[in-house]
Amino acid sequence: MSASTSFPIGATVTIDQLADDPYPVFHHVRATEPVTWAPAIGQWLVTSRDLIMEVLRDTAHFRTDDPRSPIRETFGPQMLSTEGALQRRYKSACAPPFNAKAVDALTPLVHEVVAAHAGALPATGAELRSAYAAPVAVATVARVLGLDPAGDGLLREWYDTFADALINYAGDPGTRSRAEAAVRAFRVSLRPVLASPDRASQALLHTLARAYPRLLDDEEIAANALIVLFGGIETTEASIANTLWAMLSHPSALDVGQLDAEAMDRCVEETFRWEPAVQTCSRYAPEAVTLGGVPLPAGAIVQCMLGAANRDPARYRAPDRWNPTRADPTPHLAFGFGRHFCLGAALARLEARTALLALFRRHPRSRLDSERPSRPHGHEFRKPPRLDVLWE
Ligand code: HEM
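Just so it is clear: in the sequence shown, position 171 is 692 by the numbering used here, and no numbers are missing.
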């Protein structure tokens, strides 16, 4: 029996559906094929929250260190494409600036970054994904790493090149060589910091470079800095944009100018559940394994669809409704789960809350520009391609 006869619904799933509006597709496959083969992407899709948790817990059978991984090929080994003791060493070396206390101490820096960008917005409105969410995310992660603020534009260019390489499934050689050149340029840009770190700086690159004995060598610092950079830009930009879009698409539910930090946190958290920026945690099975009763062959790549987990009706009431006052006890999986749980989750929350409060305090009458409608789009990473907002 072929995979398409065993998984008739998976066989009908298209990439366009997944990118455009995956949620009806998720409900459809989850009901009868919660583990399904999707020929359109040549990978397995997992859509039930319980099965996704099972995969993310089981690092023996479902791993990130796939030798075919585009992340590993582009950045070299770092915490998101290693397992076991090596992954723990990388992650614990990079963890200090991201724990709750350290992130608290970053509050003034994030306020400063946000104020600079909010203050520079035009008088009547703006395309806020590129004019606000993106530069806030780039500037924040650059400063947490300890990179020169003057290089933010270059970082963004490098970032876009990496992003193309990470979805270069067709193996286009031009895309690959542009990403290799960007990685080389990034490594060169780190040399002065690694050779003579600032003794007073708490930024990650400086603390890693002056540690004695060193926890990571120069290569390891660069590869892990790349994943921190990569992990911290698009995701945060997309989450700020998705939350803004969710809030402004529900104008009757909210008076955005009146929200306090706690109410804002509820909007941010509900958007993480409802429209997560990162839609998939990918794992590969080095050996044949059974998941949810389905036998998977050795080498199978499994996409754990976080957007599907977060709208699983077994766990969330009226899961398709954006409801910032929802009281479901089950946490969302927007930051993943287990050993690879997002390193930057606390920072991402601080950035989103600060950026949105600052925007709505300045522009309490913000509204979506009905002449330029846009909504989140994308299969693996989701965000609105544009987000035009007016405030006068
Ligand atoms: C709202 C914004 C963010 C979202 C939605 C997000 C989401 C995620 C998810 C789902 C994972 C797990 C990937 C997997 O298991 O396959 C992850 C891992 C990671 N994230 Fe984030 N992230 C965000 C912000 C950040 C920020 C701000 C940083 C750093 C500045 C960061 C750094 C990382 C790193 C380094 C990992 C890999 C951790 C490991 O492998 O152990 N992320 N993130």
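Heads up, the beta-carbon is just placed ideally off N, CA and C, and yes, glycines get one too.
Shown here, W565 sits in a strand according to DSSP, grouped into three states. A contact between stretches requires three or more CB pairs, one per stretch, nearer than 8 Å, and the stretch 847-857 fails this requirement with the stretch 635-642. In the DSSP annotation of this structure, I530 is not part of any alpha helix (DSSP H), being labelled neither H nor E. In the DSSP annotation of this structure, the continuous segment of the alpha helix (DSSP H) that includes Q608 starts and ends at G605 to C615.
Between L607 and H727, the alpha-carbon positions lie close to 21 Å from each other. With contact defined as three or more Cβ pairs closer than 8 Å, the stretch 730-746 and the stretch 602-616 are in contact. A contact between stretches requires three or more CB pairs, one per stretch, nearer than 8 Å, and the stretch 753-761 meets this requirement with the stretch 871-880. Secondary structure within the stretch 819-892: the beta strand (DSSP E) runs of 3 or more consecutive residues, fully enclosed, are 822-826 (chain order). Here V635 is buried, its C-beta having at least 16 other C-beta atoms within 10 Å. In the three-state DSSP reduction, P545 falls in the helix class (H, G or I). In the structure shown, P629 falls within a helical segment according to DSSP collapsed to helix, strand and coil. In terms of Cα proximity to V631, the closest of S698, L871 and L666 is L871. Here DSSP, grouped into helix, strand and coil, assigns S722 to coil.
By the beta-carbon neighbour count (other beta carbons within 10 angstroms, threshold 16), F683 is buried. The Cβ atoms of L566 and V556 sit closer than 9 Å to each other.
With 16 or more other CB atoms across the displayed protein chains lying within 10 angstroms of its CB, D833 is buried. Distance from the C-beta of I742 to the nearest heavy atom of the ligand HEM is not below 8 Å. Selection A835, E913 and G865 evaluated against I748 yields G865 as nearest (Cα-Cα). Just measuring C-alpha positions, the residue of V624, A867 and Q564 sitting nearest Y690 is Q564. A distance below 6 Å between beta-carbons, with the five flanking residues on each side excluded, links V810 to the following residues of its chain, in chain order: H582 and L817.
A730 is a Cβ neighbour of L715, given a cutoff of 9 Å. With a beta-carbon spacing of about 4 Å, D587 and Y805 fall inside the 8 Å limit used to define contacts. Exclusion of L649 from the 8 Å shell around the ligand HEM follows from its C-beta lying no nearer than that to any non-hydrogen atom of the ligand. The beta carbon of T756 is closer than 7 Å to those of A798, V799 and A869 in its chain, skipping five residues each way along the sequence.
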